[in-house]
Structures are given as C-alpha cells and as structure tokens.
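Chemist: Using UniProt numbering, the letters of the sequence shown map in sequence onto residues 1 to 101.
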Amino acid sequence: MAKISQINRNKKREKMVAQYAAKRAELKAKAKDPAVPVEEQFAARLKLSKLPRNSSKVRIKHRCDLSGRSKGYYRKVKLSRIALRDLANFGQIPGMTKASW
C-alpha cells in the first residue's frame, strides 16, 4: 500500500489540472499561434509560467486504484500488476485466466 500522503497529493494534482485546463489550453494556443504578434505570444508564455506547476497534466502520476502503487501500472485496467494478478487468481476479472501450457 502506498503512503496516503502520496495518493492524496496525486488527487490534489488531478483536481488542479481540471481546474486550470481551460485557461492552460487557451494560453498554449495563443503562445503557439503564428498569427498572434510575438509580444503577445511572449506574454502568453509568461502567464503560462505563472500558473501553478501542479496544474500541468504531466505531473500526474498513474497509480493503482486499489493499492495506490505507482510502478507496474496497467493503464487499460487502472491496476498495478500485483493487484491485477490477485483479482485474476480469484476470478474477479472476466475473461482473464492464469496461463497454462
């Protein structure tokens, strides 16, 4: 089980990303638009850098929904490899069986 503080920190980042998503997208579009004057592009980049760092999407860490583990994470099922194996062994994931040959 991951530390509760790590899990809560990641949830806080997810909230902040959602909160600033529209403003961040608007500033990024303005900064990349070649039709906008260079001074306005620069101003948009400065405003973008003034936003909180945790409002950036790349700072969110993928974590297992059950254990909070960050390593060995399967995006498709949002579980770590260990939690996935446990659920599969108990037959709680439809269609998933233990390999045998």
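Ideal Cβ placement from N, Cα and C applies to all residues, glycine included.
Answer yes or no: do Arg-69 and Arg-63 have a C-beta to C-beta separation smaller than 8 Å?
Modeler: In contact: Arg-69 and Arg-63 (Cβ atoms closer than 8 Å).
Chemist: Once the 5 residues before and after Gln-19 are set aside, which same chain residues still bring their CB inside 8 Å of it?
Modeler: Taken in chain order, the residues that qualify are Ser-55.
Chemist: How far does the alpha helix (DSSP H) with Ala-81 in it extend, from its first residue to its last?
Modeler: A small correction: the amino acid at residue 81 is Arg; Ala does not occupy that position in the sequence shown. Per DSSP, Arg-81 belongs to the alpha helix (DSSP H) from 81-89.
Chemist: Cβ atoms of Ala-83 and Leu-66: under 8 Å apart, would you say?
Modeler: In this structure, Ala-83 lies closer than 8 Å to Leu-66 by Cβ.
Chemist: Just the C-alpha distance for Phe-42 and Met-16, rounded to the nearest angstrom, thanks.
Modeler: Cα to Cα, Phe-42 sits roughly 24 Å from Met-16.
Chemist: By alpha-carbon positions, which one of Phe-90, Arg-85, Ser-100, Ser-80 ends up nearest to Ala-2?
Modeler: Minimum Cα distance to Ala-2 is reached at Ser-80.
Chemist: Which full runs of the alpha helix (DSSP H) of 4+ residues lie inside the stretch 19-87, going along the chain?
Modeler: Runs of the alpha helix (DSSP H) inside the stretch 19-87: 38-50.
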